[in-house]
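Notes for the one structure printed next.
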Amino acid sequence: SYTILSVFFPKEADERGVDAITVGWIFGVFELTVVFFTPLALSMIQRVGARKLLVAANIIGGVANCLLGFCSKFEGIAFVLACVFLRVIAAVGLTIGLVTGYGLLPVLYPGSVSTAAGMLETVMG
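If you want the numbering used here, it's the 1-based position in the sequence shown plus 2.
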């Protein structure tokens, strides 16, 4: 959710009059959301269930990242607000997915948790 965006987003933002500091905040709000949302995501696993959370995480993150592509239709402050909002929503989806995924590793792969964690980090990280 970060690597692909870092290639083209700064140029797109610059074309819409967004300065580099604001672009940094747009990128940074993602990680800030992950930090603050992780405890809530942990508490949701037992209440909602891991399977439902994984499905929800993929839907939430996928829709937010797809909608981020339409932010190019906005200019100025509307562009910034739309990007920040969608980055926060994408971070919520990623957080739910990572917390649930790492929580399921010992259950699904009891003999090879470290290998499974490495694979999860490769595809999600």
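By construction, the Cβ of each residue, glycine as well, lies at the ideal position given by its N, Cα and C atoms.
Contact under 9 angstroms by Cβ, residue i with residue j
i: Glu14; j: Ala93; result: no
i: Leu88; j: Ala66; result: yes
i: Thr124; j: Ala52; result: no
Pairwise C-alpha distance: residue j and residue i
i: Gly84; j: Val20; result: Just to set this straight, residue 84 is Ala in the shown sequence, not Gly. Each residue's alpha carbon lies about 13 angstroms from the other.
i: Ile25; j: Gly63; result: Per the sequence shown, residue 25 should be read as Val rather than Ile. Whole-angstrom Cα-Cα distance: 20 angstroms.
i: Pro12; j: Trp27; result: 12 angstroms
i: Arg18; j: Lys54; result: 38 angstroms
i: Ile6; j: Asn60; result: 18 angstroms
i: Ile23; j: Ile98; result: 28 angstroms
i: Gly71; j: Tyr111; result: 36 angstroms
i: Leu106; j: Gly120; result: 14 angstroms
i: Val115; j: Leu56; result: 19 angstroms
i: Val90; j: Cys73; result: 14 angstroms
i: Gly78; j: Val86; result: 13 angstroms
Simplified DSSP assignment, three categories, for residue i
i: Pro112; result: coil
i: Val31; result: helix
Chain-order list of residues whose beta-carbon lies under 7 angstroms from that of residue i (same chain, five-residue window excluded)
i: Leu100; result: Met126
Cβ shell of residue i (< 8 angstroms), same chain only, five flanking positions each side left out
i: Thr117; result: Tyr111
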